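Visitor: First, the structure itself, so that you have it in front of you.
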Amino acid sequence: RKRTYRDHINFYCRYFGFPEHQRVLITGDFLARALQCKIDLRDALPALLSGTALVHLSHCSLHHIEARGDDALEELIAARRFAKWTCHHKEPLSERECIKQCLGSDNKHKMWVGTMSSATRLQLEKIPGIPFVFINSRDIMVIGRRSKSSEDAVHQRSLAPSKALNQELALLRRLMPDVKP
């Protein structure tokens, strides 16, 4: 498993420009599951991602935790220990929409997403370059598989130089028709 994780991390570093020091934007459900499983995210995420990891929580996620009141007191205390990601929403959005807007169409901040919601993962998998972390049914934190959109984006980039080369060859053939390749 460790080797697969290293391959995933290298994939996002090489092809999408992720830094060695990772940022992880987590949702309230991910934090709740981590607390339920007694996982300390400040220690577990750097170990999982083989380096340093700064854990962020959006203001919208914090608002949703606060809105649950006394039922989520432990989560609220834990959430306040993490760095806050400023999402610039006047009114709090759903966590899924907030994260989608924070990451944008290209994940320019190069963030990992920690979420337990499969619907959120499915929606964000459509955007290339967004890696996921979640806690599986055996209470183990895992790195999610690469999305098809990320694989396709890398494949398209690898084809781009050959397309340019084909265009250059066609131009040379037009300019010098009597020279054979």
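Read in order, the letters of the sequence shown correspond to residues -1 to 179 in the working numbering. Ideal Cβ placement from N, Cα and C applies to all residues, glycine included. Model, not experiment: these values are computed from the prediction.
How big is the Cα-Cα spacing for Q182 and R12?
Guide: This structure cannot speak to residue 182, because the chain is shown only from -1 to 179.
Visitor: List, from N- to C-terminal side, the beta strand (DSSP E) runs of 3 residues or more that fit wholly inside the stretch 71 to 112.
Guide: 81 to 83 and 109 to 112
Visitor: How far does the beta strand (DSSP E) with R136 in it extend, from its first residue to its last?
Guide: Here residue 136 is taken as the residue at index 138 of the sequence shown, counted from 1. No beta strand (DSSP E) contains R136, which DSSP labels as neither H nor E.
Visitor: Does the stretch 48 to 64 come close enough to the stretch 20 to 28 that 3 or more CB-CB pairs lie under 8 Å?
Guide: yes
Visitor: When we look at the beta-carbon of S145 and count the other beta-carbons within 10 Å, is it buried (16 or more) or exposed?
Guide: Here residue 145 corresponds to residue number 147 of the sequence shown, with the count starting at 1. Counting Cβ neighbours within 10 Å, S145 comes out buried, since at least 16 surround it.
Visitor: Can you have a look at E73 and say buried or exposed, based on whether 16 or more other CB atoms are within 10 angstroms of its CB?
Guide: Position 75 of the sequence shown holds residue 73. That one is buried.
Visitor: Which residue comes first and which comes last in the alpha helix (DSSP H) that contains L46?
Guide: Against the sequence shown, residue 46 aligns to sequence position 48. That run of the alpha helix (DSSP H) goes L39 to L46.
Visitor: Let me know if H54 comes out buried or exposed under the rule of 16 or more other beta-carbons within 10 Å of its beta-carbon.
Guide: Numbered from 1 along the sequence shown, position 56 holds the residue referred to as residue 54. Burial is judged here by how many other beta carbons sit within 10 angstroms of a residue's own beta carbon; H54 has at least 16 and is buried.
Visitor: Alpha carbon to alpha carbon, how far is D150 from L39?
Guide: By 1-based counting over the sequence shown, the position of residue 150 is 152. By 1-based counting over the sequence shown, the position of residue 39 is 41. One C-alpha to the other measures close to 31 Å.
Visitor: With distances taken Cα to Cα, identify the nearest neighbour of F132 among M109, S115, K88 and E123.
Guide: In the sequence shown, the residue the question calls residue 132 occupies position 134. Answer by Cα proximity: S115.
Visitor: Need the endpoints of the alpha helix (DSSP H) that R1 sits in, please.
Guide: As a position in the sequence shown, residue 1 is number 3, starting the count at 1. That run of the alpha helix (DSSP H) goes K0 to F14.
Visitor: With a threshold of 16 other CB atoms inside 10 Å of the CB of G67, please say whether the residue is buried or exposed.
Guide: For this step, residue 67 is matched to residue 69 along the sequence shown. Result: exposed.
Visitor: Along the beta strand (DSSP E) that carries R66, what are the first and last residues, could you check?
Guide: Looking up residue 66 in the sequence shown gives position 68. First-last for R66: undefined, no H or E at that position.
Visitor: Consult DSSP for R144 and reduce its assignment to one of helix, strand or coil.
Guide: By one-based count along the sequence shown, residue 144 stands at place 146. Correct three-state label for R144: coil.
Visitor: So, at 7 Å on beta carbons, what are the nonlocal neighbours of R31 in its own chain, with the 5 sequence-adjacent residues on each side left out?
Guide: In the sequence shown, residue 31 corresponds to position 33, counting from 1. Counting only Cβ-Cβ distances below 7 Å, and skipping sequence neighbours, we find M114 and I133.
Visitor: Out of D137, L52, P175 and I128, which one is the CA nearest neighbour of I7?
Guide: To locate residue 7, count along the sequence shown from 1; it is residue 9. The residue from D137, L52, P175 and I128 with its alpha-carbon nearest to that of I7 is I128.
Visitor: Based on the DSSP secondary-structure assignment, which residues constitute the bridge partners of I24?
Guide: Here residue 24 refers to the residue found at position 26 when the sequence shown is read from its first residue. DSSP lists L55 and G112 as partners of I24.
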